[in-house]
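Here's the structure, in structure tokens; my notes come after.
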Amino acid sequence: MLDKVIFFFFAGVAILSAALMVTRRNAMHSAVFLITTLLATAGIFLQLRAEFIFIAQVILYVGGIMVLFIFVIMLVSLDVALHQVQFSRQKWVALFVTLALAAEVGVMLWSSRQVPGQGFLVPNAMPAGKLPANTEALAGRLFDAYLLPFEIASVLLLVAMVGAVVMAKKRT
Amino acid sequence: MHPTLHAVLVFLQTWWVELVSGVVIVAVVPLVAGYLVLMERKLMADMQARLGPMRVGPHGLLQPIADAVKLLIKEDIIPDHADKMIFWLAPVTSMTAALTALGGIAFGPSFLVARDINVGLLFVVGVSSMGLLGIMLGGWASNSHYSIIGALRSTAQLVSYETAGGLALISGLLLAGTLKIRAIVDAQEQYGVWFVFLAPVAFFIYLVASIAETNRAPFDLPEAESELVAGYMTEYSGFRWALYFLGEYTNMIVVGAVAATLFLGGWLRPFPNVRWMNWLDAVPALFTAAVGAYSVYRAGKQPVRVQVWFMWGVALACFVVVLILAAPLVVAPLKFMVPGLNGVFWFLLKITAYIYLFMWLRFTLPRYRFDQLMHLGWYILIPLAIVNVLAVGVAVILETAYGWNRWLAMLLATVITLAVALFLLRLNDKRAAPASSATPPEEPSAEDFYAG
Amino acid sequence: MQNQTLLGADELVLNMGPQHPSTHGVLRVKLKLDGERVRGTECVIGYLHRGVEKIAENRSYQQFAPYVDRMDYVAAVSNGLGYCEAVEKLLNVEAPPRAKVIRTIMTELQRIASHLIWLGTHALDIGALTPLFYCFREREEILKIFEKYCGARLTTHAFRIGGLQYEAYDSFEKDVERFCKDFERHIQEYVDLLTGNSIWIGRTRNVGVLSVEDCIALGASGPVLRASGVQWDLRKAQPYAAYDQYKFEIPVGTNGDTYDRYMVRMEEMRQSRLICLQAIEKIPAGPILGKVGKVLKPPAGEVYHSIEAPKGILGYYIVSDGTTQPYRVRIRPPSFINLQALDKMARGHLVADVVAIIGTLDIVLGEVDR
Amino acid sequence: MMPIGYYLFLSMALFLIGAIGVITRRNVIVVLMSIELILNAANINLVAFSRIFGDVAGQVFALFIIADAAAEAAVGLGIIIAFFRNRETVLEDEMGLLKW
Chain A
5 MLDKVIFFFF AGVAILSAAL MVTRRNAMHS AVFLITTLLA TAGIFLQLRA EFIFIAQVIL
65 YVGGIMVLFI FVIMLVSLDV ALHQVQFSRQ KWVALFVTLA LAAEVGVMLW SSRQVPGQGF
125 LVPNAMPAGK LPANTEALAG RLFDAYLLPF EIASVLLLVA MVGAVVMAKK RT
Chain B
714 MHPTLHAVLV FLQTWWVELV SGVVIVAVVP LVAGYLVLME RKLMADMQAR LGPMRVGPHG
774 LLQPIADAVK LLIKEDIIPD HADKMIFWLA PVTSMTAALT ALGGIAFGPS FLVARDINVG
834 LLFVVGVSSM GLLGIMLGGW ASNSHYSIIG ALRSTAQLVS YETAGGLALI SGLLLAGTLK
894 IRAIVDAQEQ YGVWFVFLAP VAFFIYLVAS IAETNRAPFD LPEAESELVA GYMTEYSGFR
954 WALYFLGEYT NMIVVGAVAA TLFLGGWLRP FPNVRWMNWL DAVPALFTAA VGAYSVYRAG
1014 KQPVRVQVWF MWGVALACFV VVLILAAPLV VAPLKFMVPG LNGVFWFLLK ITAYIYLFMW
1074 LRFTLPRYRF DQLMHLGWYI LIPLAIVNVL AVGVAVILET AYGWNRWLAM LLATVITLAV
1134 ALFLLRLNDK RAAPASSATP PEEPSAEDFY AG
Chain C
124 MQNQTLLGAD ELVLNMGPQH PSTHGVLRVK LKLDGERVRG TECVIGYLHR GVEKIAENRS
184 YQQFAPYVDR MDYVAAVSNG LGYCEAVEKL LNVEAPPRAK VIRTIMTELQ RIASHLIWLG
244 THALDIGALT PLFYCFRERE EILKIFEKYC GARLTTHAFR IGGLQYEAYD SFEKDVERFC
304 KDFERHIQEY VDLLTGNSIW IGRTRNVGVL SVEDCIALGA SGPVLRASGV QWDLRKAQPY
364 AAYDQYKFEI PVGTNGDTYD RYMVRMEEMR QSRLICLQAI EKIPAGPILG KVGKVLKPPA
424 GEVYHSIEAP KGILGYYIVS DGTTQPYRVR IRPPSFINLQ ALDKMARGHL VADVVAIIGT
484 LDIVLGEVDR
Chain D
963 MMPIGYYLFL SMALFLIGAI GVITRRNVIV VLMSIELILN AANINLVAFS RIFGDVAGQV
1023 FALFIIADAA AEAAVGLGII IAFFRNRETV LEDEMGLLKW
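Here it is as structure tokens:
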């Protein structure tokens, strides 16, 4: 019951603010609504008993990436942008793509329901109490089976950092 | 029973501790923050050869309440062209983040505010870092140059020093081997030593970084009064301003609590495992009794009857607390309460000492310049913190895998880190040409500028 | 203004003041910024303009004396000394020796008080909160002496043309001596707080460097000039009052940066203290007011007299047409001229340094605007 | 634990909203933000399945995605800043030139 309330609360907030994010004219407002969406998603993670992903989402997404976004918006905020057309003329393309994607997922959902025995609308997960301690389990997996991807990810971040610095540096 | 009602009751039954502590945080912390301000003003006055607030209540003891009332009834000004929604949202964000972070902190072995979640310490640090959003948004929404420069400075400063502070925390966490608040303190009890002695460099880095994170002097550039008026808070007044202020002081409590938990042994008393130091258990009661006695002594010297009564009230409160603290020591069946009650006392004492250090530094030191601040953060603290993480990691491995003496291993780690620190300082001295004067003053190219 | 960004595509113009915590009154500085780096400054002054020089033309010589106190209101005694001596020069009279010595003591106390205000506010600008209160504690002692002497603390109008109006009160020497004794200890407190502090050094070293050539070209004087290395002090160069009787050093700096100016002023306070101590040892007896009539009617002519005020050279140029009122009075205020160095000093620095530089110039807007 | 379909539906909704944003918005910063939203939608799926199967591997990949999002944001915003400095615009369709 509580699970349900929490899920629907966070899911509602996430979808609502995601919609607002895409439609707001002001980039700063979009950023604020994206932050709300991300926090709501973090709530979903917590409801899924994934504490580490929850806090990683809060620290990295909200405390890191979104701060970067807001920083850039503050730097480049042009009031002119507020009075320009905010949508490009691809409305029909967008509608088509979205509908196609929605149809795909819908078909997937619907067809998987048909398969007997699969029935993934039925909860069959481990009860929350029996889950191993999340951080420890995650760390064990990350530094054991996925050590190489982990290192690759760190190299990726390094490359991204260097790239960002090179890009944003003032050419004098 | 109606199913919904039943669900609500079940909910209350499972979550009442969290709900109550949430209410307590929201209700009590603003008061505590107000009295922190009073404490700061009194200490500042003492160090500056003056008296500080004296008018409201005996020795200004009611000043925070008067201030709060004043702020509440002040006109709420929103500047023209300010983004109203974000202007409204920003201070709330700042304060909410700070208060929520407080939810992850345990004030004693049996006074955990919220659940002891799996990512405890990370939760506190992560959520409190969200206060930065409030600062940025507020600075942007105010539509003022001072605000936006303050917000930009604040962002740059907080991002850099959070990195250093986070790395310093990792050094401590390597020793604890867990993120859970209670397990961290238990680990220190097991080791029989506070982590500050095992990893002093990490503590020092965290100290400096936490001063910067809370925007306190000498790192208070985002709100440097003499340069940016009040930084991101310039356009705020009244209650919104109070929310920012509240967030800032709550943040001080949060970083103090994190430092106390990870480095200063949490709610453990000094020498937690030494039997003959058990008399330290009586210190909380005696200390409170001394405060009460002093209040009685001062009560006779108050000029106004209301103030006399007030001092008596303070004394009475102290004595009640003494009774609560002393009862478990004397009455055998209540013995189990000793660690809990004393734990809270020690924990609060440690936080207070940490905050006192903040204040002391504020009254003593001039302010860094922005480039010097960034230089200190990126060229000294962050490399040092990285080296410290490596050194502590190696020391832990030496201890666990190779059976070294713990102290020897930690000493080695500290020495390595300090050597690197010396090297870094040397390196920085060499190219110490202050960045500020690095660019030669350009030729006057500003005729149009002088035109108007 | 709306479309400016912080990315350096345009330069940002930031108005500092006139309502700003660190512009020492109502100075308004327009800063042209690239990020936080200053590309140019423009001082907008005049918010405190009262037309002091014009007022002089409608007042008799004695009546104008209190007005000069209101120019550099933190060093009123020095202003008064300059004016009184200028008029005395015009009248061709001289103050009696006793008056001269008491004037010297008062002026040196005022120099200490003025430097104390500078130190407190300068340190506050750089973020050190505490020195301000220590400085005001000591300044209070000086103001108490002033109050006992002439009844006023700030705008004292302590001297009269031709000498003094008031005799030194009974315990004057004792008060000054006690102050000087305590002050030695107190000045050590400031030194402990600031001189060796690495943040303070970082904030002041190489900030706002002014070369000797620049100083002379801009006409800077006082500690600003001396910190650049020019040993020019009117108390030695063209002795007035009783300065020729005392031994004192003129501190000079080498780099001409903010730290040197700080050191120079600190040393000047010590030297002023020594002058006071020497002077109270032997205050000659005698009259305190020279022979001047009730109505001053100086002969037609003009005179320029300048003294070393705490902030620099304070000059009075008075033209008399033989009537009881000056025909024209022109005042050379040290703050106004030193302020012209701001642009030179601030270029290439950061906003925070501008604050430090305004502080180190030690300007008083009452004097800049007159 | 809720039935997995709810999570999939939430994820799909966020993904579609993000896709709409990417396709229709002109402001590049908002486009980047929409991409973050899409990545986040993927994360919900990963974590939900990880919970269903009781295997933290899904969360490991969610972490990788967050790292990837950080890298992408850093580089993307770096490009935007560089572009803005030269062209003073953050609008997508004005960025058509391959050189400046």
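Residue numbers (the working numbering), protein chains in the order written: chain A, 5 to 176; chain B, 714 to 1165; chain C, 124 to 493; chain D, 963 to 1062. The C-beta atom is built at its ideal place from N, Cα and C for all residues, glycine as well. Values in this document were obtained by computation on a predicted structure and should not be read as measured data.
- Annotation: S857(B) is outside any beta strand (DSSP E) and is labelled neither H nor E by DSSP.
- Listed along the chain, the chain D residues whose CB falls inside 9 Å of the CB of A107(A) amount to none; the nearest CB is some 11 Å away.
- Going by DSSP, M1024(B) is part of no beta strand (DSSP E) but of the alpha helix (DSSP H) stretching over 1018 to 1043.
- Distance from the CA of I398(C) to the CA of I480(C), rounded to the nearest whole angstrom, comes to 29 Å.
- DSSP places L135(C) in the strand class (E or B) of the three-state scheme.
- Take the alpha-carbon of A1012(B) and the one of Q51(A): they are about 54 Å apart.
- Interface residue (Cβ-Cβ distance to chain C less than 8 Å): Q870(B) is not classified as such.
- Close to L252(C), with beta-carbon spacing below 8 Å, are these residues of chain B in chain order: M757, Q761, A930, R1075, F1076.
- Against chain A, a Cβ distance below 7 Å from N1007(D) picks out nothing, because the smallest value is about 11 Å.
- I818(B) and E231(C) have their C-alpha atoms spaced approximately 59 Å apart.
- I1042(D) belongs to the set of residues whose beta carbon lies under 8 Å from a beta carbon in chain A.
- Close partners of I59(A) in chain B (Cβ separation under 8 Å): V832, L835, F836, G839.
- The beta carbon of Q903(B) does not come within 8 Å of any beta carbon belonging to chain C, so the residue lies off that interface.
- Look at A795(B) here: in three-state DSSP terms it is coil, with no helix or strand label.
- The beta carbon of G885(B) is closer than 7 Å to those of F908, A912, A915, L975, F976 in its chain, skipping five residues each way along the sequence.
- The beta carbon of E431(C) sits closer than 6 Å to the beta carbons of D356, L357, R358 from its chain, once the five residues preceding and following it are set aside; these are given in chain order.
- Cβ contact annotation for N1005(D) (same chain, cutoff 6 Å, sequence separation greater than five): A1024, I1027, in chain order.
- Taking all protein chains shown into account, V971(B) has 16 or more neighbouring C-beta atoms within 10 Å of its C-beta and is therefore buried.
- At least 8 Å separates the beta-carbon of P985(B) from that of L1074(B).
- The beta carbon of T102(A) falls within 8 Å of a beta carbon belonging to chain D, placing the residue at that interface.
- The Cβ of S34(A) sits closer than 8 Å to at least one Cβ of chain D.
- Non-local beta-carbon contacts of L247(C) in its own chain, meaning distances under 7 Å to residues more than five positions away in sequence, involve L255 in chain order.
- Closest option to E1112(B), judged by alpha-carbon separation, among T717(B), Y904(B), I894(B), L749(B): Y904(B).
- Note that the C-beta distance between G352(C) and T327(C) is not below 8 Å.
- Residue-level contact by beta carbon holds for I1028(D) and chain A, with a gap shorter than 8 Å.
- Runs of the alpha helix (DSSP H) spanning 4 or more residues and lying entirely within the region 372 to 438 of chain C occur at 381 to 404, in chain order.
- Taking 9 Å as the Cβ-Cβ cut-off, the region 1076 to 1091 of chain B approaches chain C at F1076, T1077, L1078, P1079, R1080, Y1081, R1082, F1083, D1084, Q1085, given in chain order.
- Boundaries of the alpha helix (DSSP H) harbouring P743(B): 716 to 760, taken from the DSSP string.
- Per DSSP, K223(C) has no beta bridge partner at all.
- For the region 449 to 476 of chain C, the residues whose beta carbon sits under 9 Å from a beta carbon of chain B are, in order, D466, K467, M468, A469, R470, G471, H472, L473, V474, A475, D476.
- Between L1094(B) and A877(B), the CB-CB gap stays under 8 Å.
- Where T974(B) is concerned, there is no enclosing beta strand (DSSP E), although the alpha helix (DSSP H) around it starts and stops at 951 to 975.
- Chain-ordered listing is empty here: chain A has no CB closer than 8 Å to the CB of M808(B), the nearest sitting near 16 Å.
- Per DSSP, reduced to three states, the secondary structure at K153(C) is strand.
- Of M767(B), T1077(B), V1017(B), the smallest CA-CA separation from I249(C) is found for T1077(B).
- At a cut-off of 8 Å between beta-carbon atoms, N181(C) makes no contact with chain B.
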